[in-house]
Amino acid sequence: MNKFELHPGIYVKAFLGLLLRDLRVLTREFLPFLLRVGMQPLLFLFVFTFILPRMGNGNPMAVGGGTDFGTILLPGLMAVAIMFSGIAAVALPLSSEFGITREIDDRVMCPLPLWAVALEKVCFSAMQSMVAALLVIPMAYYVPASPVRADVRNWFLFLLVLVMASLLAGSLGLVIGSTVNPKQIGLVFSIIIVPITFLGCVYYPWAWLGKIPWLQYGVLFNPIVYISEGLRAAVTPSISHMPWWAILLALLFFTSALARWGLKGFLGRVLS
Amino acid sequence: MIVEIEKLTKIYESKLRVLAVDGIDLVMKQGEIFGLLGPNGAGKTTTISVATTRTLPTSGTVRIAGIDVVKHPAHARRLIGVVPQFNTLDRSLTVYENIYFHCRYFGFSHSHARARSLELLNQFMLSERKDVYPPQLSGGLAQRVQIARAIAHRPTVLFLDEPSAGLDPQSRMAMWSAVEGLHKEGITVLLTTHYMEEADSLSDRLAIIDHGRVLALGSPDKLKQTLGAHTVFDLKLKSHERLEPLVDKLSRHPGVTSAEITAEGLRVIAASSDGLLPELVQAAAGHGLRDLQITEPSLETVFIQLTGRDLRE
Chain A
281 MNKFELHPGI YVKAFLGLLL RDLRVLTREF LPFLLRVGMQ PLLFLFVFTF
331 ILPRMGNGNP MAVGGGTDFG TILLPGLMAV AIMFSGIAAV ALPLSSEFGI
381 TREIDDRVMC PLPLWAVALE KVCFSAMQSM VAALLVIPMA YYVPASPVRA
431 DVRNWFLFLL VLVMASLLAG SLGLVIGSTV NPKQIGLVFS IIIVPITFLG
481 CVYYPWAWLG KIPWLQYGVL FNPIVYISEG LRAAVTPSIS HMPWWAILLA
531 LLFFTSALAR WGLKGFLGRV LS
Chain B
173 MIVEIEKLTK IYESKLRVLA VDGIDLVMKQ GEIFGLLGPN GAGKTTTISV
223 ATTRTLPTSG TVRIAGIDVV KHPAHARRLI GVVPQFNTLD RSLTVYENIY
273 FHCRYFGFSH SHARARSLEL LNQFMLSERK DVYPPQLSGG LAQRVQIARA
323 IAHRPTVLFL DEPSAGLDPQ SRMAMWSAVE GLHKEGITVL LTTHYMEEAD
373 SLSDRLAIID HGRVLALGSP DKLKQTLGAH TVFDLKLKSH ERLEPLVDKL
423 SRHPGVTSAE ITAEGLRVIA ASSDGLLPEL VQAAAGHGLR DLQITEPSLE
473 TVFIQLTGRD LRE
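So, in structure tokens, the structure goes:
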């Protein structure tokens, strides 16, 4: 193969090379990775579906933490796992690689269009998000006082939602990693990540917000809502959820909008 | 021509409008070592950044082996290797992995990438440190890894941006010999520097640039001959009275380019120093000649003449 000729195969190989590099770095930190993605859902399940139900009726929290709560919580915790992985896998490394070390340089200099370098980051983060989400399923089975079973009736919908939700989280990570100053990344967690998680219909289905209409319509701007609702539709369809077509449309819309924004930020950082 | 830079201009539009490159035209021949010499802020790094697809030019074109780097950056990147000014080694990977994954990015198979990495580690005497992480390397070693990484995919043109900045003398010598080795392999090298010795001894041709423009272009010897084959005589005198007639007389002397009064005496710049020394000594004798310093023609005198300033300021 002559290097003076353009060969599409070279792009594919470069892209796979970047994925391999990220995989190598991840395998070196595999235990921290598992702890990072598993700790929060594990503790959440433990407190709300194991400890609280055992406290009996004398405890007012036990009502909220009843057996059904585990079923509501399962898709929500999967959504949180997806989102946190997306941010941890893209935003944090990117913001440091863009920093004074400029470590991103070698990857930016590989024979790939720059958008594909950014896309690789998003894809790799999506893979981690999917692993993180799937980890929640066995946890929800073993941890709660009464096991919560994932009830996937439509596998196609499940996979579609899982992939789209993970790409959305990766795109959000790209936006944060390429637009936020590394020094302020902690602040972003408190003022963006925590609120969108708490108001992301993670702990309750969207339909139940009916009595607080201003909130019910307000949260429609929050992309996490569609991740939670999408997983609810796919994993626990017996709980009320938005119609699947609306969920998929919204996921598509938010993913493309965030990816576009993130890519713009990425190009701005690597090209002067 | 392997590298063609045409009417390259770059203006940074931020709070302050900075004209970093102001219409540079340069061509590089296959296999030559080309030096860009200039003080900090002359536009060297910006020129290299555009050529290596990291900066978009305001106008003008750069072609590497005929490929426009702005229109086809991904393609152009296959033909170039870059050693940036700062250490940009991947800190999450070992020295070996830095080179190995670089090869993978450029489409090498696992066994091919592995063989190439081991070969380069050996060639650059880094084999013992193959499992070390970049933060544990000294500046000189990190620079060697960066060079090994930059040439791993066998680029046609290698860009070195201030390769010896911050290196100790030994590492600098090692880097120079590495560059000369690459030259023998037929790689075209473009290096920027503000070290005269480096430009003089390494480059086949060089361009002196300042304020984003090319001031002079040619081989180091040719530049010295045509532009600044000037010897500088600095005379320290005891008596500074009635120097003007002497300056007049010396200025009219054939071979003398200029003569001027300095704080300590006289400075005479001459294109040819043949036979001038005895006359200078004789003429200055009446003013109490204390000391005489002669600076032979060098790139440094060329540079000072062209830009009016010292490189190291």
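For the protein sequence lines, the chains are A and B, in the order given.
Residues 281 to 552 in my numbering are what the first sequence lists, from first letter to last.
Residues 173 to 485 in my numbering are what the second sequence lists, from first letter to last.
C-beta atoms are modelled at their ideal positions from N, C-alpha and C, and glycine is treated no differently.
{"Item": "Using 8 Å as the threshold, is the C-beta distance between G215 of chain B and T365 of chain B below it?", "Value": "no"}
{"Item": "Could you give the distance in angstroms between the alpha-carbon of I507 of chain A and the alpha-carbon of L528 of chain A?", "Value": "9 Å"}
{"Item": "Buried or exposed for S299 of chain B, going by 16 or more other Cβ atoms inside 10 Å?", "Value": "exposed"}
{"Item": "Any C-beta of chain A within less than 7 Å: which residues of the region 227 to 255 of chain B qualify?", "Value": "T227, L228, A237, A246, H247, R249, R250, L251 and V254"}
{"Item": "With the cut-off set at 8 Å, would you say E432 of chain B and V419 of chain B are in Cβ contact?", "Value": "yes"}
{"Item": "Does any residue of chain B have a CB that is nearer than 8 Å to the CB of W390 of chain A?", "Value": "Note that residue 390 of chain A corresponds to Cys in the displayed sequence, not to Trp. It does: the Cβ of C390 of chain A has a partner Cβ on chain B nearer than 8 Å."}
{"Item": "S289 of chain B and C275 of chain B: beta carbons closer than 8 Å?", "Value": "yes"}
{"Item": "Bridge partners of V397 of chain A, per DSSP?", "Value": "According to DSSP, V397 of chain A bridges with nothing at all."}
{"Item": "Cα-Cα, which of B:V386, B:L409, B:L378 and B:F405 is closest to K394 of chain B?", "Value": "B:L378"}
{"Item": "Closest by CA to F438 of chain A, which one among A:A413, A:N461, A:G453 and A:L325?", "Value": "A:A413"}
{"Item": "Can you determine whether any heavy atom of the ligand PLP sits closer than 7 Å to the C-beta of G238 of chain B, and answer yes or no?", "Value": "Looking for the ligand PLP in the displayed structure turns up nothing, as the structure carries no ligands at all."}
{"Item": "List the residues of chain A whose Cβ lies closer than 7 Å to the Cβ of S264 of chain B, in chain order.", "Value": "V305"}
{"Item": "Leaving out five residues before and five after A539 of chain A in sequence, what residues of the same chain have Cβ atoms less than 6 Å from its Cβ?", "Value": "S451"}
{"Item": "Start and end of the beta strand (DSSP E) containing Q295 of chain B?", "Value": "Taken as a continuous stretch (DSSP letters only), Q295 of chain B belongs to no beta strand (DSSP E), being part of the alpha helix (DSSP H) at H282 to Q295."}
{"Item": "Do L415 of chain B and A455 of chain B have their C-beta atoms closer together than 8 Å?", "Value": "no"}
{"Item": "How about Y268 of chain B: is its C-beta nearer than 8 Å to some C-beta of chain A?", "Value": "no"}
{"Item": "Output the distance between the C-alpha atoms of A487 of chain A and G480 of chain A, rounded to the nearest integer angstrom.", "Value": "12 Å"}
{"Item": "Mind pulling the chain B residues with CB within less than 7 Å of K293 of chain A?", "Value": "G279"}
{"Item": "For chain B, check one thing: does any of its Cβ atoms lie closer than 8 Å to the Cβ of S552 of chain A?", "Value": "yes"}
{"Item": "Name, going along the chain, the residues of the region 452 to 484 of chain A whose beta-carbon falls closer than 8 Å to a beta-carbon of chain B.", "Value": "none"}
{"Item": "What is the rounded straight-line gap between the Cα of V254 of chain B and the Cα of T225 of chain B?", "Value": "11 Å"}
{"Item": "Against chain A, with Cβ distances strictly below 8 Å, would F296 of chain B count as a contact?", "Value": "no"}
{"Item": "Counting along the chain, where does the beta strand (DSSP E) carrying G311 of chain B start and finish?", "Value": "First-last for G311 of chain B: G311 to I323, but that is the alpha helix (DSSP H), not the beta strand (DSSP E)."}
{"Item": "Taking all protein chains shown into account, do 16 or more other C-beta atoms lie within 10 angstroms of the C-beta of R462 of chain B, making it buried, or fewer, making it exposed?", "Value": "exposed"}
{"Item": "Quick check: is the beta carbon of E485 of chain B nearer than 8 Å to any beta carbon in chain A?", "Value": "With a pLDDT of 42 at E485 of chain B, under the threshold of 50, the modelled position of that residue is not reliable, and the figure given next carries that caveat. Cβ-Cβ to chain A under 8 Å: no for E485 of chain B."}
{"Item": "In the region 197 to 223 of chain B, which residues sit with their C-beta less than 8 Å from some C-beta in chain A, listed in chain order?", "Value": "S221"}
{"Item": "Going along chain B in order, which residues have a C-beta closer than 7 Å to the C-beta of P393 of chain A?", "Value": "A246"}
{"Item": "List the DSSP bridge partners of F206 of chain B.", "Value": "B:L362 and B:R377"}
{"Item": "Using three-state DSSP, classify G345 of chain A as helix, strand or coil.", "Value": "Because the pLDDT of G345 of chain A is 47, which lies under 50, any placement of that residue in the model is unreliable, and the question is left without a value."}
{"Item": "Between which two residues does the alpha helix (DSSP H) holding D197 of chain B run?", "Value": "Where D197 of chain B is concerned, there is no enclosing alpha helix (DSSP H), although the beta strand (DSSP E) it sits in stretches over R189 to M200."}
{"Item": "I need the DSSP call for K216 of chain B, collapsed to helix, strand or coil.", "Value": "helix"}
{"Item": "Could you tell me the distance, in whole angstroms, from the CA atom of N502 of chain A to the CA atom of A322 of chain B?", "Value": "44 Å"}
{"Item": "Using the Cβ count rule (16 or more neighbours within 10 Å means buried), how would you classify H284 of chain B?", "Value": "exposed"}
{"Item": "Could you work out which residues of chain B lie near G297 of chain A, taking near to mean beta carbons separated by less than 7 Å?", "Value": "F273, R276 and Y277"}
{"Item": "Quick check on the DSSP output: what are the complete alpha helix (DSSP H) runs of length 4 or more inside the region 229 to 254 of chain B, in order along the chain?", "Value": "245 to 251"}
{"Item": "Using CA coordinates, which residue listed in B:T360, B:W348 and B:K356 is at the minimum distance from Y367 of chain B?", "Value": "B:W348"}
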